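Numbering (the numbering used here), first residue to last: 5 to 297.
Where a beta carbon is used, it is the ideal one built from N, C-alpha and C, also for glycine.
This structure is a prediction, so every number in the text was calculated from the model and none was measured.
Let me begin by presenting the structure, written as structure tokens, before commenting on it.
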Amino acid sequence: MSQLNDSDIILFEYNFHYQNIRSKNTLDIAFGIDRNFLFGCGVAIASILLNNREISCEFHVFTDYISDKDKLYFSDLAKQYNSRINIYVINCDKLKSLPSTKNWTYATYFRFIIADYFYHKHEKILYLDADIACKGSIKELLDYQFSTNEIAAVVAERDVEWWQNRASVLTTPQLASGYFNAGFLLINIDEWNLNNISSKAIEMLRDPDWVSKITHLDQDVLNVLLNGKVKFISEKYNTRYSINYELKDKVDNPVNDDTVFIHYVGPTKPWHEWANYPVSRSFLIAKSSFSVE
């Protein structure tokens with residue numbers, strides 16, 4: 005039994021449902037954020053809706069904070085797109101003792117709560133980091149069928165040299181065959197929970213031996229735990245690009261016409277005033293597509 009599915013984890017729930025009847029063929033999409041990512045999360049949702057008008061999606065935002073203004077923001081967004089958005093305010097006490105860094109707060113562990121919360125509610129859920137923008141169809145994800153014992157569909161991070169580094173540092177040789185970025189996880193909810201992934205992850209994050217090895221927090225831990233139980237899918241679903249690269253003379257931009265999700269990694273996010281670069285276009289289009297400021 006997970007340590008994160010207790011009833012006291014979810015303090016409040018707010019439902020903004022402007023699609024009265026949930027379609028049987030709906031893709032559930034979840035985000036785990038702190039207050040600094042609330043605006044970006046709203047634009048990420050808008051970008052998905054803008055590019056997938058023919059698909060039924062329901063959104064789930066797990067956060068440690070929500071103001072009345074924020075609730076109006078998400079309510080207006082759901083109303084404009086005739087969609088369904090749910091906000092869950094989390095009690096973070098059980099997470100605050102886990103490792104954190106300047107770039108990654110305890111909010112990075114919300115994905116564990118998400119995977120546990122939907123057990124017996126939905127068969128699969130798409131977890132996304134909030135610093136993404138959608139520019140293509142996600143119908144293949146709606147129709148995706150997991151193979152036997154597959155816990156998640158993921159996208160590889162970087163290259164073989166990086167995989168080998170992670171395999172060595174994490175003393176898990178199998179990672180040399182592939183290491184994924186945890187900002188995109190298409191999760192098989194039943195398999196995740198049958199394998200007690202969240203509980204095992206929390207245990208590892210409290211183990212001094214493992215804590216001394218990991219540098220990418222829950223991403224490292226999930227790569228170890230899910231090794232051999234994931235399927236690597238196309239990079240188009242998690243095309244990572246740092247806006248800071250725009251300051252360099254020569255950098256290959258991996259974003260192309262096939263890209264579905266642009267993942268804005270790095271400290272500069274597309275909602276920052278100084279981030280008005282061509283690669284931010286998908287975010288800015290989504291931002292301008294709805295009337296909430």
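Does any heavy atom of the ligand ATP sit closer than 7 Å to the C-beta of residue i?
i, result
"H126", "No copy of the ligand ATP appears in this structure; indeed no ligand is present at all."
On the DSSP bridge list, what partners appear for residue i?
i, result
"N199", "DSSP, once it has assigned bridges, lists no residue as partnering N199."
"H267", "I136 and R244"
"Y1", "Look at the range of the chain in this structure, 5 to 297, and you will see that residue 1 is not part of it."
"K28", "None; K28 has no bridge partner."
"I70", "None, per the DSSP bridge assignment."
"C61", "L31"
"N107", "None; N107 has no bridge partner."
Using the C-alpha atoms, what's the distance from residue j back to residue i?
i, j, result
"D97", "A111", "11 Å"
"N227", "R88", "31 Å"
"K100", "G36", "15 Å"
"F66", "I136", "16 Å"
"S293", "L179", "41 Å"
"P212", "F150", "34 Å"
"Y268", "R244", "6 Å"
"Y22", "F63", "12 Å"
"M5", "K128", "Confidence at M5 is low in this model, with a pLDDT of 45, below 50, so its placement is unreliable and the value that follows should be read with caution. If I take the Cα positions, the gap works out to 19 Å."
"L145", "I266", "16 Å"
"N170", "P274", "Strictly speaking, residue 170 in this sequence is Arg, with Asn absent from that position. Distance between the alpha carbons of R170 and P274: 29 Å."
"R210", "S216", "11 Å"
Counting only the same chain and skipping the five closest in sequence on each side, list residues whose C-beta sits under 8 Å from that of residue i.
i, result
"N153", "E195 and K233"
"T109", "D38"
For residue i versus residue j, is the C-beta spacing smaller than 8 Å?
i, j, result
"A160", "Y183", "yes"
"A205", "F116", "yes"
"I118", "A34", "yes"
"I59", "L31", "yes"
"L190", "Y121", "no"
By Cβ distance below 6 Å, which residues in the same chain neighbour residue i in space, the five residues on each side in sequence not counted?
i, result
"Y85", "L53"
"A48", "A134 and I136"
Contiguous alpha helix (DSSP H) assignments of at least 4 residues, all confined to the segment 138 to 165
Whole alpha helix (DSSP H) segments, 4+ residues: 143 to 146.
Inside the segment 33 to 57 only - beta strand (DSSP E) runs reaching at least 3 residues
Those beta strand (DSSP E) runs which fall completely within the segment 33 to 57 and span 3+ residues do not exist here.
If you scan the segment 168 to 230 from start to end, which runs of the beta strand (DSSP E) of 3 or more residues do you find wholly inside it?
If we require 3 residues or more, the beta strand (DSSP E) runs fully inside the segment 168 to 230 come out as 184 to 192.
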